[in-house]
Amino acid sequence: MLDKSTSAATDVLFRPLSIGKLELKNRIVMAPMTRNMAPEGVPGQANADYYRRRAENSVGLIITEGTVVDRPGSRNEPHIPLLHGEAALAGWKTVVEDVHGVGGKIAPQIWHTGAARGMSKWQSDDVVESPSGLFAPEKFRGKAMTEEDIADTIAAFARAAAESKALGFDTIELHGAHGYLIDSFFWEGSNQREDKWGGASLPERARFAVELVKAVRAAVGADFPIILRISQWKQQDYAVRLALTPDEMEAWVAPLAEAGVDVFHGSQRRFWEPEFPEIDGEKGLNFAGWLKKLTGKSTISVGSVGLEGDFFGAFKGQGAGAAELGDLLRRMEADEFDLIAIGRALITDPAWAAKVERGALDELKGYDGSDLFKLV
Numbered sequence: 263m264l265d266k267s268t269s270a271a272t273d274v275l276f277r278p279l280s281i282g283k284l285e286l287k288n289r290i291v292m293a294p295m296t297r298n299m300a301p302e303g304v305p306g307q308a309n310a311d312y313y314r315r316r317a318e319n320s321v322g323l324i325i326t327e328g329t330v331v332d333r334p335g336s337r338n339e340p341h342i343p344l345l346h347g348e349a350a351l352a353g354w355k356t357v358v359e360d361v362h363g364v365g366g367k368i369a370p371q372i373w374h375t376g377a378a379r380g381m382s383k384w385q386s387d388d389v390v391e392s393p394s395g396l397f398a399p400e401k402f403r404g405k406a407m408t409e410e411d412i413a414d415t416i417a418a419f420a421r422a423a424a425e426s427k428a429l430g431f432d433t434i435e436l437h438g439a440h441g442y443l444i445d446s447f448f449w450e451g452s453n454q455r456e457d458k459w460g461g462a463s464l465p466e467r468a469r470f471a472v473e474l475v476k477a478v479r480a481a482v483g484a485d486f487p488i489i490l491r492i493s494q495w496k497q498q499d500y501a502v503r504l505a506l507t508p509d510e511m512e513a514w515v516a517p518l519a520e521a522g523v524d525v526f527h528g529s530q531r532r533f534w535e536p537e538f539p540e541i542d543g544e545k546g547l548n549f550a551g552w553l554k555k556l557t558g559k560s561t562i563s564v565g566s567v568g569l570e571g572d573f574f575g576a577f578k579g580q581g582a583g584a585a586e587l588g589d590l591l592r593r594m595e596a597d598e599f600d601l602i603a604i605g606r607a608l609i610t611d612p613a614w615a616a617k618v619e620r621g622a623l624d625e626l627k628g629y630d631g632s633d634l635f636k637l638v
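Residue numbers for the sequence shown follow my numbering, beginning at 263 and rising by one.
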């Protein structure tokens, strides 16, 4: 459990932050987590209440679960919310208004799942699209995208971003991590194209993401913040690393920053693990820390905050409890990254941030895996 002696130092989590015109009251972000509870893709009042409860309990920025663009096969479960169509957009309007009504800030996470399967394998293979028709090396699924498919997909992301701004969202996050569509262009294991959307190097394979970010920037204007979530690991292979050195990472992310990314969300399984320990040691910068150092952009870190168990154990219902905050506070005091995303701890305990803010660390609820299947 959390040591009460850390409570006096938690003020670093509650310092305001400005990113362009986005004014956040603190550094705590609700991480995007798939809930698959929007009937037929349309968010209802239950979804609005779920996000509102976190906003009224001191979460500085809510990033919604993944919302899909207007492309066939863009979602891999039936009740993942859409970000297109009159009914879904009306539902999101209610979510935004309810969160704003309690003083919160909210962003949709915009995605396309590509060749990734859902837990239920609901999605038919005949609508699945990805760079090369691959889920992973030598694991074929769906079709390779044509030039027309790529252009339409980029346009669909831009439309979703423009709709988000029109609905009143405060910022947006593009999901470029975890083996979904954007990330599958980054990874040589799933991008074996020989045209301009592929290539032997990571910067070449990043062209799809760069062009997508440019299109989104044009759609939302110059002063609307864009967050991009990226990761080294994939759900297809947790050991994958796209960039093996800081130079390789800079070559990957610098063009994305230039294209219009304001904030990088560096996803890793455990926030305390250094990205390049061979360079700066076992207490060295994590993924988000290196992204900030290399781009000069604001960054969000994430990974098992508020858990005693690890990434895998938590999904088996293990690791209930709260993890020591000491290392997190040290890193934030050192300005290693700007924001910290809380995931599973907030699924079980909507008041997690408010409890930390008032020093009531002994009241924190441990993560309960059964809460994945309901909107607490």
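No residue lacks a Cβ here, since even glycine has one placed at the ideal position from N, Cα and C.
Segment limits, beta strand (DSSP E) that includes residue i
{"i": "Ile281", "result": "Leu279 to Ile281"}
{"i": "Gly631", "result": "That residue, Gly631, is in no beta strand (DSSP E); it is neither H nor E in DSSP."}
{"i": "Pro370", "result": "Ile368 to Trp373"}
{"i": "Ala439", "result": "Ile434 to His440"}
Continuous alpha helix (DSSP H) stretch holding residue i: start and end
{"i": "Val330", "result": "Element bounds for Val330: not the alpha helix (DSSP H) but the beta strand (DSSP E), Leu323 to Val330."}
{"i": "Ile444", "result": "Leu443 to Phe448"}
{"i": "Gly353", "result": "Glu348 to Gly363"}
{"i": "Val638", "result": "Unbroken run through Val638: none, as it is neither H nor E."}
{"i": "Ile604", "result": "Note, Ile604: premise wrong, no alpha helix (DSSP H); beta strand (DSSP E) at Leu601 to Ile604."}
{"i": "Ile342", "result": "Taken as a continuous stretch (DSSP letters only), Ile342 belongs to no alpha helix (DSSP H), as it is neither H nor E."}
{"i": "Leu474", "result": "Arg469 to Val482"}
Residue i to residue j span [Cα, whole Å]
{"i": "Val478", "j": "Gly565", "result": "27 Å"}
{"i": "Tyr450", "j": "Asn548", "result": "The amino acid occupying residue 450 in the given sequence is Glu; Tyr does not appear at that position. Straight-line Cα distance between these residues: approximately 23 Å."}
{"i": "Ile434", "j": "Gln371", "result": "6 Å"}
{"i": "Gly438", "j": "Asp624", "result": "36 Å"}
{"i": "Val523", "j": "Arg491", "result": "10 Å"}
{"i": "Arg403", "j": "Gly588", "result": "44 Å"}
{"i": "Met594", "j": "Pro487", "result": "22 Å"}
{"i": "Ser320", "j": "Val358", "result": "16 Å"}
{"i": "Ala582", "j": "Leu474", "result": "Low confidence applies to Ala582: its pLDDT is 34, below 50, so where it sits in the model is not reliable enough to give any reading."}
{"i": "Ala613", "j": "Thr296", "result": "19 Å"}
{"i": "Val331", "j": "Glu537", "result": "32 Å"}
{"i": "Phe635", "j": "Val389", "result": "27 Å"}
{"i": "Lys559", "j": "Val304", "result": "34 Å"}
{"i": "Ser563", "j": "Pro301", "result": "31 Å"}
{"i": "Ile604", "j": "Tyr629", "result": "12 Å"}
Reduced DSSP secondary structure (H/G/I, E/B, other) of residue i
{"i": "Arg314", "result": "helix"}
{"i": "Arg491", "result": "strand"}
{"i": "Gly581", "result": "Per-residue confidence for Gly581 stands at a pLDDT of 39, beneath the threshold of 50, marking its modelled position as unreliable; the derived number appears in the next sentence. Gly581 falls in the coil class under three-state DSSP."}
{"i": "Lys458", "result": "coil"}
{"i": "Glu400", "result": "coil"}
{"i": "Gly451", "result": "coil"}
{"i": "Glu535", "result": "coil"}
{"i": "Asp499", "result": "strand"}
{"i": "Ser392", "result": "strand"}
{"i": "Ala424", "result": "helix"}
{"i": "Ala521", "result": "helix"}
{"i": "Met594", "result": "helix"}
Cβ separation of residue i and residue j, assumed to be a contact under 8 Å, to the nearest whole Å
{"i": "Pro294", "j": "Lys287", "result": "The Cβ separation is near 20 Å, so there is no contact."}
{"i": "Val515", "j": "Leu556", "result": "6 Å"}
{"i": "Ala424", "j": "Val472", "result": "In fact, because the Cβ distance is near 19 Å, the residues do not count as touching under 8 Å."}
{"i": "Leu504", "j": "Gln494", "result": "6 Å"}
{"i": "Met292", "j": "Ile324", "result": "4 Å"}
From the options, residue whose alpha carbon lies closest to that of residue i
{"i": "Ile281", "options": "Gln497, Asp485, Glu595 and Leu637", "result": "Asp485"}
{"i": "Lys355", "options": "Ala513, Gly551 and Asp432", "result": "Asp432"}
{"i": "Asp633", "options": "Ile609, Ala471, Leu518 and Arg337", "result": "Ile609"}
{"i": "Leu344", "options": "Thr375, Arg469 and Gly363", "result": "Thr375"}
{"i": "Trp459", "options": "Ala418, Leu436, Leu506 and Ser392", "result": "Ser392"}
{"i": "Ala480", "options": "Ala603, Ala420 and Gly328", "result": "Ala420"}
{"i": "Glu535", "options": "Glu598, His341, Lys545 and Val638", "result": "Lys545"}
{"i": "Gly395", "options": "Thr408, Arg469 and Asp630", "result": "Thr408"}
Neighbour flag for residue i against chain D, beta carbons, 9 Å
{"i": "Ser392", "result": "Although the question refers to chain D, the structure presented lacks it and comprises just one protein chain."}
Distance cut-off 8 Å: residue i Cβ against heavy atoms of the ligand FAD
{"i": "Met292", "result": "Although the ligand FAD was asked about, the structure shown includes no ligands whatsoever."}
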